[in-house]
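Sequential numbering of the sequence shown, starting at 836, is according to the numbering used here.
All residues carry an ideal CB built from backbone N, CA and C; glycine is no exception.
This one's a predicted model, so the numbers in the text were calculated from it and none came from an experiment.
Read the structure below first, then the notes.
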Amino acid sequence: MKFPTTRMRRLRKSFQVRKILQETKLNPEDLIYPLYIKEELKDRQKEHIDTMPGQYRYSLEGAVGEAKRLEEAGLSSVILFGMPEHKDETGSSAYDNEGIVQNTIRRLKDETELVVVTDVCMCQYTSHGHCGIIKDDIILNDESLNYLSKIALSHAEAGADIVAPSDMMDGRVDAIRKTLDENGFFNTLIMSYAAKYASSFYAPFRDAVCSAPSFGDRKTHQMSPYNINEAIREVDLDIKEGADIIMVKPALPYLDIIKEVKREFKIPTAAYQVSGEYSMLMAGIEAGYLTDESIYESLISIKRAGADLIITYFAPKILKEDVEYKC
Ligand SMILES: [Zn+2]
836 MKFPTTRMRR
846 LRKSFQVRKI
856 LQETKLNPED
866 LIYPLYIKEE
876 LKDRQKEHID
886 TMPGQYRYSL
896 EGAVGEAKRL
906 EEAGLSSVIL
916 FGMPEHKDET
926 GSSAYDNEGI
936 VQNTIRRLKD
946 ETELVVVTDV
956 CMCQYTSHGH
966 CGIIKDDIIL
976 NDESLNYLSK
986 IALSHAEAGA
996 DIVAPSDMMD
1006 GRVDAIRKTL
1016 DENGFFNTLI
1026 MSYAAKYASS
1036 FYAPFRDAVC
1046 SAPSFGDRKT
1056 HQMSPYNINE
1066 AIREVDLDIK
1076 EGADIIMVKP
1086 ALPYLDIIKE
1096 VKREFKIPTA
1106 AYQVSGEYSM
1116 LMAGIEAGYL
1126 TDESIYESLI
1136 SIKRAGADLI
1146 ITYFAPKILK
1156 EDVEYKC
C-alpha cells in the first residue's frame, strides 16, 4: 500500500496519538547515578567538579544525603566511586573493610532501598594511577586479578548488590565470581565493563576523581575505538566467565556496539553515558545552542540502541527537574 492510501503523517497527527505510538520509553528505574565519595571531605562537605558543571564530589554524609533525596525523586540505583586519602602501590585502601566505599555501602544499605553498585578497580587507589599491579612500567594482568577479587569481596561483604569491574584485565570476571562464591556471596551480581573503549570522552572524569595515570596510558587494556568484532569477543568472554550484566562504555559514540551486543547476546545490557558526553551536552546548553530536550533525546537514543540500564550524571536532572523530550 502506498500514498495516498498510506499516509505516515496520520501516525503523528496529535500529541496523544504520538504518545500512544511511542516505541521507546525511558523509566526512572533505567537510570543509575554515579556518586563520587571523597574520604577527605567531612560532614556534609561537597566539592564542585569544574569539568562537569553541576556535579560534585561528596563526603560520606553528603553522598548518603544526596542518595536519599534522589531515591525520593524515584531513583532505583547508584554506582559508587571512592576517592581514598591513602594511595599506595597495590591500592590497599580499595579492599580495606573500613574504606570509603565500604563505609558508604553499609550506610546506603541501612538507610535506603537503593540497589548499590560499586565500581571495582585500582586506579583511584594506586599511587601510580594504573588499573593493576605494575612492574617495570607494565600492568601485570594475572597478578592484578587477586587484588581485584579482594576489592570485589570487600564490597560484597559490606553489602553491595552488584560489583562492577572496570579494569579490563583478562579473566577478572572469572576470578571475582570464584572468590565471591567461595565466600558465600552467590547472590552478588557482576556487572562487567565488558566493552570499555580507550576513549577521549573520559577526560572530565579523570579530573573528577584524580585518577590520571602517572605514566603511559590505558590502551593496553581498554579497547580501540576502531573495533567492533573485538567488543563482541570481550562480551562473549565475560558472559562465559559469569557476568550477569554487561556494559558498553562510552554510550553515545558507541551506539552501534550497544545494538550489536544486545542483538547477539540478549543479556541485561548497561551503557555508561560518560563524563565527556555529559559535559559536552552541558556546555551546549549553557551556551544556548542546545536545550534540556537534547539530554532526553541522547538518553532515548541509548535505550533505542538496546540498553536496559544507563549510568548517567543526568539522573538528578531527569528525576528532580522532570526534563523530558515532548513527543
Ligand atoms: Zn581503572
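Checking the DSSP bridge columns, you'll see Lys-873 partnered with Met-918. In the DSSP annotation of this structure, the continuous segment of the beta strand (DSSP E) that includes Ala-1105 starts and ends at 1104-1108. Under the DSSP assignment, Tyr-893 falls in the beta strand (DSSP E) whose first and last residues are 891-893.
Across the set Asn-981, Pro-1039, Ser-1034, Lys-1155, the C-alpha of Asn-981 shows the shortest separation from the C-alpha of Arg-1012. In chain order, the residues that have a beta carbon nearer than 7 Å to some heavy atom of ligand 1 are Cys-956, Met-957, Cys-958, Cys-966, Ser-1001, Asp-1002, Ser-1046. With respect to Pro-863, Leu-915 sits apart: the two C-beta atoms are not nearer than 8 Å. By the 16-neighbour rule on beta-carbons within 10 angstroms, Ser-1027 is buried.
For the pair Thr-859 and Ile-1135, the CB atoms are nearer than the 8 Å cut-off.
Pairing Glu-882 with Thr-1023, the inter-Cα distance amounts to about 32 Å.
Thr-1014 sits buried, since 16 or more C-beta atoms from the chains shown fall within 10 Å of its C-beta. The C-beta of Gln-1057 has 16 or more other C-beta atoms within 10 Å across all chains shown, which makes the residue buried. The residues Thr-859, Lys-860, Leu-861, Asp-865, Ile-1145, in chain order, have a CB closer than 8 Å to that of Lys-1138 in the same chain once the five nearest residues on each side in sequence are set aside. Asp-1091 is the residue among Ile-1074, His-990, Asp-1091, Tyr-1148 whose C-alpha sits nearest the C-alpha of Ile-1063.
A Cβ-Cβ separation of about 6 Å places Leu-1116 in contact with Ser-1133 under the 8 Å criterion. The way I'd put it, the stretch 1037-1045 doesn't touch the stretch 993-1009; fewer than three beta-carbon pairs between them come closer than 8 Å. In the structure shown, Glu-1121 falls within a helical segment according to DSSP collapsed to helix, strand and coil. Taking a C-beta distance under 8 Å as the contact criterion, Pro-1048 and Asp-1079 do not qualify as a contact pair.
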